[in-house]
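Take a look at the structure set out below.
2 protein chains.
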Amino acid sequence: MPKKTIISMAVIKRLPKYYRYLGELLRNDVERISSKELADRIGFTASQIRQDLNNFGDFGQQGYGYNVRFLYEEIGKILGLTRTYNTVIVGAGNIGQAIANYTNFEKLGFHLKGIFDRNPKLIGISIRDIVIQDVDNLENFLKNNHIDIGIICVPKEQAQKIADIFVRCGVKGIWNFAPTDLSVPEDVIVENVHLSESLLTLSYRLNEAELFKGKTGR
Amino acid sequence: MPKKTIISMAVIKRLPKYYRYLGELLRNDVERISSKELADRIGFTASQIRQDLNNFGDFGQQGYGYNVRFLYEEIGKILGLTRTYNTVIVGAGNIGQAIANYTNFEKLGFHLKGIFDRNPKLIGISIRDIVIQDVDNLENFLKNNHIDIGIICVPKEQAQKIADIFVRCGVKGIWNFAPTDLSVPEDVIVENVHLSESLLTLSYRLNEAELFKGKTGR
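If you're matching them up, the sequences are chains A and B in order.
The working numbering puts the first sequence at residues 334 to 551.
The working numbering puts the second sequence at residues 334 to 551.
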C-alpha cells in the first residue's frame, strides 16, 4: 500500500516512465536491477531513482537491488492499474480517432465505451466495433453508463461545454486535448495534453541551443 | 533580448501558456494587464508570474502592469517564433494525420514540408496538398531540403531508426510521439509527447483522490 504522504507532481510524472521501463525489463526476463543499472537505462540519476521510489515504500534491498516484477506490480498499484477505467471520447477527428485506435490503452485497463461527434458524416461509423454516436446522446449515455474518464478531442470553442456535461454527469477524470484550460470543480481531475505548448517548448530549446552555439563560436 | 541565464525547464514549460493567454487578450483588445489579473486568468500566482517573467528581462512596470502586445511579442521572441521552422512528419497514421491537419502550427511558423510513410495504401495520398511519400525517400529528401524539426509518429519499434536518419541528415529538433525514449547526440533536441504517461498520471491522480475520499469519509 502506498504511504499517504503528499507526493510532488514531478515524481508522479516520472512514475509512468518507471512503469514503462520495468515492463520492458520484465518482457526481457530481467529479474532484478540495481538503481544504478536502472539509472543508466532510464536517464535519471541513481539517487533520484532511490529518492523517487522511497516516496512509496521500501522497495529496494541493499546489495540486491530491485525485484523487477515486484516493483513493476507495486508501481502499477500506485498508478491505479489494479482496476479498470471506463472511458468515452468526444470528438472523432484525427486526434479522437488516434486515441480510439490506440489499443495499448485497453491493455493498461482503460476501456473505451463510447465515441461521440456532431459531424453527421462520422455518426454511425465504427472504430474498433464502437459506433460513433451523435454528441446529443452524450448526456443520456453518461446517465446510463458508469464512465470514469471523459476524453475531450473537440475544438477549443466546444471543450468547456463538453467538460460541463462530464461534470454534471459525475465523470471524475477528464483527459483534455483541446488547446484550452477547463474550469471544473475541485473534485474533478483534468490532465491536459497541449500539443502546441510541447511544440513551442521544442522551438524554445532549439532557438536557445542556436544562440548558445553562436556565442561560443562552436 | 533574453538574458543568457540558465532558465529552468519548469519556467520554459510555462512560457507557451503565457503566450497563449496573452494572444487571447490581444485578440480581445486588452492593452495592459497586471500580474494579479493575469494570475486570475492563467491560474498561477501573481508572484510566480513576476518571478517567471523576470527571468527574461524587466517587462512589467510598477503600477501599470504589463503591456500585453509587448509581452506577447517578447515571449514570442524568447520562444523562437520570430523565425520559421521547416518540418516533416514520418508516420501518417492517425497521430501523424492529426498533426498534419493542425493548421494552427502553420500560423505559429511551423511549415510542414513533407510527410512520409511505408504503407503503400497511404503513399501518394495528399494531406493539405502535401503528398505522402515513401519513407525510403526520407534521407534523400532531407539532403535536398533544409528541415529544422522531424516529427516521429511511427510505432516505437521503428522510432530509433527514423531518429538516426534525422540525426545523420542534420535535423536538430525531434518531436517524438512514439512511446519510447530516443538516443541522439547532445546537440539534437528531443521533445517527447508520451500519451500513455499522461493517461497514467490521470489514473494515478484519480486513484489518489478516491483513496483520500475514502479516508476522510467524504
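Positions of the beta carbon are idealized from the N, C-alpha and C atoms, including for glycine.
Note that the structure is predicted; figures quoted are calculated from it, not measured.
- Legend: CB atoms of the region 352–369 of chain A lying less than 8 Å from CB atoms of chain B belong to residues Tyr352 and Arg353.
- Counting along the chain, Val423 of chain A sits inside the beta strand (DSSP E) bounded by residues Tyr418 to Val423.
- Bounds of any alpha helix (DSSP H) do not take in Leu445 of chain B; it lies within the beta strand (DSSP E) bounded by Phe443 to Asp450.
- Put simply, of B:Thr417, B:Gly483, B:Gln493 and B:Asn437 the residue whose alpha carbon is nearest the alpha carbon of Trp508 of chain B is B:Gly483.
- CA-CA distance, Val468 of chain B to Thr534 of chain A, rounds to 27 Å.
- Ser459 of chain A carries a strand assignment under DSSP once its states are collapsed to helix, strand and coil.
- Put simply, of A:Gly390, A:Ser367 and A:Tyr351 the residue whose alpha carbon is nearest the alpha carbon of Ala379 of chain A is A:Ser367.
- Under the 8 Å Cβ criterion, the region 374–393 of chain B counts as touching the region 347–365 of chain B, having at least three qualifying pairs.
- In the displayed model, Gly426 of chain A falls within coil according to three-state DSSP, outside both helix and strand.
- A Cβ-Cβ distance of about 11 Å is found for the pair Val423 of chain A and Ile480 of chain A, leaving them out of contact under the 8 Å criterion.
- Gly376 of chain A reaches chain B at Asp514, counting residues in chain order whose Cβ is nearer than 9 Å.
- Using a CB distance cut-off of 8 Å, Pro518 of chain A does not count as an interface residue toward chain B.
- Distance from the CA atom of Arg416 of chain A to the CA atom of Leu475 of chain A, rounded to whole angstroms, is 20 Å.
- For Ile375 of chain B, the closest alpha carbon among the candidates B:Gly356, B:Asp514 and B:Leu528 is that of B:Gly356.
- The beta-bridge partner set that DSSP reports for Asp467 of chain B consists of B:Asp450.
- Residue environment for Ser516 of chain A: exposed (fewer than 16 other C-beta atoms within 10 angstroms of its C-beta).
- Against chain B, the CB of Lys446 of chain A has no partner CB under 8 Å away; the residue lies outside that interface.
- In the same chain as Gln430 of chain B, and ignoring 5 residues on each side of it, the C-beta atoms closer than 8 Å to its own belong to Ile460, in chain order.
- If you draw a 10 Å sphere on the C-beta of Asn540 of chain B, you find 16 or more other C-beta atoms in it, and that means buried.
- Closer than 8 Å to the CB of Ile463 of chain A there is not a single CB belonging to chain B.
- With contacts defined as CB atoms closer than 8 Å, Lys489 of chain B and Pro512 of chain B qualify as a contacting pair.
- Beta-bridge annotation (DSSP): Tyr399 of chain B is paired with B:Ile366.
- Within chain A, the residues Ser529, Glu530, Leu533 and Thr534 have their CB atoms less than 7 Å from the CB of Pro349 of chain B, given in chain order.
- Only residues of its own chain outside the window of five on either side were considered, and among them Ile422, Ala425, Leu445, Ile448, Ile460, Arg461 and Ile463 have a CB closer than 8 Å to the CB of Ala433 of chain A, listed in chain order.
- At a cut-off of 8 Å between beta-carbon atoms, Ile428 of chain B makes contact with chain A.
- The three-state secondary structure of Gly356 of chain B, taken from DSSP, is helix.
- Asn525 of chain A has A:Asn509 as its beta-bridge partners, per DSSP.
- Approximately 6 Å separates the beta-carbon atoms of Ser536 of chain B and Leu412 of chain A; this is inside 8 Å, confirming the contact.
- When C-alpha distances from Lys369 of chain B are compared across B:Gly393, B:Asp362, B:Arg360 and B:Phe389, the shortest belongs to B:Gly393.
- In the three-state DSSP reduction, Gly483 of chain A falls in the strand class (E or B).
- Apart from the 5 residues on each side of it in sequence, Leu455 of chain B sits with its Cβ closer than 7 Å to the Cβ of Ala425 and Ile465 in its chain, given in chain order.
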